[in-house]
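The sequence shown runs 2 to 140 under my numbering.
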Amino acid sequence: MKLNVRSDIVFDFQPETEIIASVQAASSPDQTILAESLILSPDFPILQDPADARGERRFRARVGGEVRIIYEAAIENGRRVPLVGGLAQHTWTELPAETLQYLTASRYCPSDLFISFATREFGNLEGSDRILAVLDWIH
């Protein structure tokens, strides 16, 4: 499936500061970045870091004042297996160890807070039906 993504974020950095930003699409075996653009306005020099083991990409910059970060990309992720409804929900002990890193909270994704929202909004659903409802809500 081809996706077009765009992120347009404005920050006010007082005083001038060094940032590490992760706004770019991940580069992975099941996702191809067809085209992308990363703009800092005003134009600050960017140090692009290589993708990490999970395909996440970051850049670093020294910025100050009002800064706008614009990221756009065309992505092909057609090799992913689509999620279907009716799949059972598993307990944490039933999951493969390599999936647990995606279920714990981080400063960028407070999953411990999101679960209460998902339960409140979609608590009448279970398993993949709940995930599909959350995805529909996001889109």
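Beta carbons are placed, not taken as given, at the ideal position from N, Cα and C, and that holds for glycine. Quick caveat: nothing in here was measured; it's all calculated off a predicted structure.
Runs of alpha helix (DSSP H) wholly within the segment 39 to 102 (minimum 4 residues, chain order): none
Residue 100 Cβ short of 8 Å to the ligand NAP heavy atom set: This structure lacks the ligand NAP, and indeed carries no ligand of any kind.
Integer-rounded CB distance, given that residue 72 should sit under 8 Å from residue 24: Within the sequence shown, numbered from 1, the residue matching residue 24 stands at position 23. Within the sequence shown, numbered from 1, the residue matching residue 72 stands at position 71. At roughly 5 Å, the Cβ-Cβ gap stays under 8 Å, so residue 24 and residue 72 are in contact.
Cβ neighbours of residue 14 in the same chain (closer than 7 Å, five flanking residues each side left out): Taking the first residue of the sequence shown as 1, we reach residue 14 at position 13. Cβ neighbours of residue 14 within its own chain (closer than 7 Å, five residues either side excluded): 64, 65, 66 and 68.
Bounding residues of the alpha helix (DSSP H) (the contiguous stretch that carries residue 129): In the sequence shown, residue 129 corresponds to position 128, counting from 1. Start and end: 128 to 139.
Three-state secondary structure assigned by DSSP to residue 121: Residue numbering aside, residue 121 sits at position 120 when the sequence shown is read from its first letter. Three-state result, residue 121: helix.
Best match in 4, 94, 113 and 89 for proximity to residue 36 [C-alpha to C-alpha]: As a working mapping, residue 36 is identified with position 35 in the sequence shown. When each option's Cα is compared against that of residue 36, the closest is 4.
Expected contact under 8 Å - CB spacing of residue 133 and residue 84 to nearest Å: Here residue 133 refers to the residue found at position 132 when the sequence shown is read from its first residue. Here residue 84 refers to the residue found at position 83 when the sequence shown is read from its first residue. Rounded, the Cβ-Cβ distance is 6 Å, consistent with contact.
Nonlocal neighbours in the same chain, by C-beta distance under 6 Å from residue 88, ignoring five residues either side: By 1-based counting over the sequence shown, the position of residue 88 is 87. 128 and 129, listed in sequence order.
Sheet register partners of residue 7 (DSSP bridge): The residue labelled residue 7 in the question sits at position 6 within the sequence shown. For residue 7, the pairing in a beta bridge is given by DSSP as 73.
Three-state secondary structure (DSSP) of residue 35: Residue 35 sits at position 34 when you count from the first residue of the sequence shown. Three-state DSSP puts residue 35 in a strand.
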